[in-house]
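For the sequence shown, our numbering gives the first residue as -10, with consecutive numbering after it.
Read the structure below first, then the notes.
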Amino acid sequence: MILFYSGRNNSNIMTRVISVVSGKGGAGKTTLTANLGVALSNQGEDVLIIDGNFTGANIAQHFGVGFQDVSLNDVLEGDAYITQAVAKHPEGVSILPASVLEFNGQEQNLKHSIVDFLGDKDFVLIDAAAGTDDEVQAAIETSDEVLLVSHPELPALTNTLGAKKLAEEMDREILGLVMNMVRDEKSEVEHEDIKELVDEKIIGEVPEHKHVREGIALRKPVVSYKPDSRASYAIEDVAHKLKGREPPKRPLQKRLKMRLQDVSPI
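In structure tokens:
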């Protein structure tokens, strides 16, 4: 992490640039990134979410953001300033959407494009593409830290090893692994076996739940749509851990509300 000067409140802001990476599609990485950004914002952090998936851009869809006149692609091609492409969302986060229709292979310019926000934002979250191709490498190269995301099945975990290896080869700090879309089924790999296989600490387990899917359909992050759901609490806990804090113990009233909301999770 690098300390950049910001004029905001005449203070020095340490901007943390984190790539959210999964070795395989279908792990719910984009959904997690969107919700994690809002959770951090709700905790008082100034957050920018960048869609680093240039050939499958969809972070904007999670926030109900329609077609933008200026996208990240325009910035990477040198046709616009990054400040022209960033949209402030009512959820409190800033969003830098990409446009798959305009992709021209300029992902290598990402690192230079975000300089204007270093020292201004507390967190920059990059929703990387799935896999280990050039787009993912560009996202990791741009970031200081990497957050791995997988669901607890062997094929997904095996692919996560590829993403981990790439981050290590690029000398980026790995913050840990978030197990996403956890269903507690027999087909899922046991917690201890996951830690042994991936050799990274598990910093969160987000359950599969209908509230998450409903939030996607409504284009609203679950942490806002159902803030007292088990999935929302799990994501909030990850946000606290990213800041080096222990998640707070929730009062009985909130725990009871969570149990009521989580009836019939599927």
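A virtual CB, placed ideally from N, CA and C, is assigned to each residue, including glycine.
Remember, predicted model here, so these are calculated numbers, not experimental data.
Do residue i and residue j have their C-beta atoms within less than 9 angstroms of each other?
{"i": "VAL9", "j": "PHE112", "result": "no"}
{"i": "LYS13", "j": "ALA119", "result": "yes"}
{"i": "LEU99", "j": "LEU61", "result": "yes"}
{"i": "VAL138", "j": "ASN169", "result": "yes"}
{"i": "LEU21", "j": "ILE183", "result": "no"}
{"i": "ARG208", "j": "GLY81", "result": "no"}
{"i": "ALA117", "j": "GLY41", "result": "yes"}
{"i": "ILE115", "j": "VAL187", "result": "no"}
{"i": "ALA23", "j": "HIS140", "result": "no"}
{"i": "ALA128", "j": "ALA87", "result": "no"}
In or out: residue i buried (at least 16 other Cβ within 10 Å) or exposed?
{"i": "TYR214", "result": "buried"}
{"i": "ALA152", "result": "buried"}
{"i": "THR44", "result": "exposed"}
{"i": "THR72", "result": "exposed"}
{"i": "LEU85", "result": "buried"}
{"i": "HIS180", "result": "exposed"}
{"i": "LYS18", "result": "buried"}
{"i": "ARG161", "result": "buried"}
{"i": "ASP122", "result": "exposed"}
{"i": "LYS77", "result": "exposed"}
{"i": "PRO144", "result": "exposed"}
{"i": "LYS110", "result": "buried"}
Could you compute how far the alpha carbon of residue i sits from the alpha carbon of residue j?
{"i": "GLU130", "j": "VAL227", "result": "23 angstroms"}
{"i": "GLY26", "j": "LYS154", "result": "25 angstroms"}
{"i": "LEU166", "j": "PRO237", "result": "20 angstroms"}
{"i": "PHE92", "j": "ASP63", "result": "Note that PHE92 scores 49 on pLDDT, short of 50, meaning its location in the model is unreliable and no value can be drawn from it."}
{"i": "VAL212", "j": "ASN31", "result": "9 angstroms"}
{"i": "ARG221", "j": "PRO196", "result": "Note that residue 221 is Ser in the sequence shown, not Arg. Taking the straight line from one Cα to the other gives about 9 angstroms."}
{"i": "GLU174", "j": "SER102", "result": "43 angstroms"}
{"i": "ALA69", "j": "GLN57", "result": "13 angstroms"}
{"i": "HIS200", "j": "ILE38", "result": "22 angstroms"}
{"i": "SER83", "j": "ALA74", "result": "10 angstroms"}
{"i": "VAL104", "j": "SER176", "result": "44 angstroms"}
{"i": "ILE205", "j": "GLU66", "result": "30 angstroms"}
{"i": "HIS198", "j": "GLU34", "result": "26 angstroms"}
{"i": "ILE192", "j": "LYS230", "result": "7 angstroms"}
Any idea which residues DSSP pairs residue i with across the strands?
{"i": "ARG234", "result": "Answer is none; ARG234 lacks a bridge partner."}
{"i": "ALA117", "result": "GLY41"}
{"i": "GLU197", "result": "Note: GLU197 sits in no beta bridge, so no partner."}
{"i": "SER218", "result": "Note: SER218 sits in no beta bridge, so no partner."}
{"i": "ALA76", "result": "ILE84"}
{"i": "SER176", "result": "The partner list for SER176 (beta bridge, DSSP) is empty, contrary to what the question assumes."}
Quick test of your reading: residue i and residue j, contact by CB under 8 angstroms. State the CB separation rounded to the nearest angstrom.
{"i": "VAL178", "j": "LEU146", "result": "6 angstroms"}
{"i": "VAL171", "j": "GLU194", "result": "5 angstroms"}
{"i": "HIS51", "j": "PRO210", "result": "7 angstroms"}
{"i": "GLU203", "j": "ILE163", "result": "Their Cβ separation, rounded to whole angstroms, is 32 angstroms, which puts GLU203 and ILE163 out of contact at 8 angstroms."}
Under the criterion of a Cβ to heavy atom distance below 8 angstroms, does residue i qualify as lining the ligand GDP?
{"i": "ASP58", "result": "Although the ligand GDP was asked about, the structure shown includes no ligands whatsoever."}
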